[in-house]
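Only one structure is covered here, and it is reproduced in the block below.
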Amino acid sequence: MLSLPNMDDIDLRHKNVLVRVDLNVPLMNGKVSDATRIIRFVPTIRDIIKVNGKAILLSHFGRPKGKVDASFSLRQVVSEVEKVIHRDVIFIETDWNDVSEAKKIIADAPLGSVIILENTRFHPGEITNDETLAKTMASLGEIFVMDAFSAAHRAHASTEKLAHLLPSVVGRAMQKELSALSAGLDNPTHPVIAIIGGAKVSTKIDLIENLLKKVDGLVIGGGMANTFLYAMGVGIGNSLCEKNLSETANRIMDRSEGEHCAIILPVDANVAWKFEANAKSSFYGLDAMDPNGMILDIGPSSINRIKGAIDDAKTLVWNGPLGAFEYEPFDAGTVEVAKYVAKRTAEGKLISIAGGGDTVAALAHAGVVDDFTYVSTAGGAFLEWMEGKSLPAIEALKNSAPAK
Ligand code: AMP
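If you're matching positions, the sequence shown starts at 266 in my numbering and goes up one per residue.
Listed below in structure tokens is the structure:
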């Protein structure tokens with residue numbers, strides 16, 4: 266387990282605490298359509314305001330390209346934050362080039378206030394990790410709490426540089442996330458199984474290479490399994506496939522033996538002739554695939570094999586759907602396996618960790634997001650963690666300014 270300083274290691278009483286959260290939440294018709302990221306940082310806010318600190322929230326929102334743009338204003342999420350935390354929030358239309366007005370508002374705010382500053386990406390220095398901007402941010406607080414794991418893979422002013430300028434600790438949500446992830450790959454109970462799916466091998470080579478070293482079984486599904494099957498000489502018809510990656514796929518399969526990692530590929534598939542919802546489809550064994558067909562999901566024998574592998578495992582990590590889950594009936598493999606993972610988890614037989622944008626959507630579709638041990642809403646940061654990379658914001662916390 267990573268040992269980072271956390272909120273128990275610092276005196277927050279009556280302090281102005283800058284908290285990097287992830288308010289980059291989805292909006293639909295001007296309203297927040299999924300408040301998960303807000304709900305997760307509530308414990309951090311609660312622990313600051315209960316000791317009369319002021320919680321001053323920093324976040325990016327969308328990609329405004331370094332300019333002030335009302336359509337990316339964090340003002341749009343204020344009422345949802347108020348709803349989730351059950352208290353009023355002060356919103357400051359922060360001018361990141363001159364924060365004198367913001368400083369005054371913060372000073373005048375009563376102890377225990379929750380304050381949201383404007384989108385950090387309204388200043389171009391946010392994404393260039395500009396020291397001047399980070400110093401401007403630091404001038405608004407006394408302590409920095411990093412609580413946005415989903416932004417931890419980016420060395421930005423509000424995620425990385427700021428941690429070098431103020432005494433900095435990890436927030437409650439990120440602490441919980443790191444400890445869940447640590448139980449998944451850094452320090453897991455073996456046997457460990459990984460399920461990797463999704464469209465393409467090319468986006469997940471680093472991830473597979475890292476997993477080979479760490480897990481005992483690797484289930485490969487989704488479109489990316491086709492590249493492996495093709496490399497093995499299996500007919501895959503018109504299925505999605507990166508033929509140029511055959512050599513990579515073979516190298517990965519060769520390496521898996523030396524690493525004592527069993528690779529589990531589909532043995533049958535739900536095959537269609539059109540890529541669309543409710544397309545006519547049939548199950549085929551992969552020894553007898555229709556040359557004109559497209560593999561859009563794993564078949565029943567593959568599902569049973571995966572269930573058997575899950576039965577043997579004590580820990581599971583999952584990224585990527587096993588089929589084109591957005592289109593029925595090609596969601597069936599992902600849904601059935603997801604429900605099985607949820608069942609084994611509920612029985613106390615499995616620690617299950619999943620993450621990545623499409624994966625969370627697929628698990629939500631299966632109705633099991635709350636039934637896994639931990640589901641990470643971080644996209645890029647989760648993948649980089651699975652790839653075994655060190656994340657800049659975490660490295661910065663290890664080297665933060667000492668507490669005064
Ligand atoms: P990724 O973002 O790499 O995790 O890929 C997720 C996408 O992979 C989803 O949109 C799925 O529809 C797609 N996908 C999964 N399996 C297949 C398949 N057999 N053929 C085509 N697309 C697939």
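Even glycine gets a Cβ: it sits at the ideal position worked out from N, Cα and C.
The structure presented is a predicted model; accordingly, all values stated were derived computationally and were not measured.
- Taking 6 Å as the cut-off, one finds at least one heavy atom of the ligand AMP near enough to the beta carbon of residue 623.
- Distances from the CB of residue 644 to the heavy atoms of the ligand AMP are all 6 Å or more.
- Proximity of the region 377–391 to the region 319–326 meets the contact definition, three or more beta-carbon pairs being nearer than 8 Å.
- At least one heavy atom of the ligand AMP is found less than 6 Å from the C-beta of residue 589.
- For residue 476, the shortest separation between its Cβ and any heavy atom of the ligand AMP does not lie below 6 Å.
- Within 10 angstroms of the beta-carbon of residue 596 lie 16 or more other beta-carbons, which makes it buried.
- A distance below 7 Å separates the beta carbons of residue 418 and residue 646.
- Our two residues, residue 338 and residue 389, have alpha carbons roughly 15 Å apart in a direct line.
- In the structure shown, residue 527 falls within a strand segment according to DSSP collapsed to helix, strand and coil.
- Judged by DSSP secondary structure, residue 319 falls within the beta strand (DSSP E) whose first and last residues are 319–323.
- Counted as a single uninterrupted DSSP element, the stretch harbouring residue 581 is not any alpha helix (DSSP H) but the beta strand (DSSP E) occupying residues 580–584.
- Secondary structure at residue 352: coil, using DSSP grouped into helix, strand and coil.
- Beta-bridge analysis with DSSP links residue 533 to 550.
- The three-state secondary structure of residue 339, taken from DSSP, is coil.
- By the Cβ neighbour-count rule, residue 562 is buried, with 16 or more other Cβ atoms within 10 Å of its own.
- Annotation for residue 562: the continuous beta strand (DSSP E) segment containing it runs 559–563.
- Residue range 437–446 is occupied by the alpha helix (DSSP H) that includes residue 437.
- Residue 586 has its CB nearer than 6 Å to a heavy atom of the ligand AMP.
- By the 16-neighbour rule on beta-carbons within 10 angstroms, residue 468 is exposed.
- Measuring C-alpha to C-alpha distances from residue 576 to each of 455, 305 and 270 identifies 455 as the nearest.
- By the neighbour-count definition (other C-beta atoms within 10 Å, threshold 16), residue 556 is an exposed residue.
- From the listed residues 299, 300, 329 and 352, the smallest Cα separation to residue 314 is found for 352.
- When beta bridges are read from the DSSP output, residue 409 appears opposite 283 and 433.
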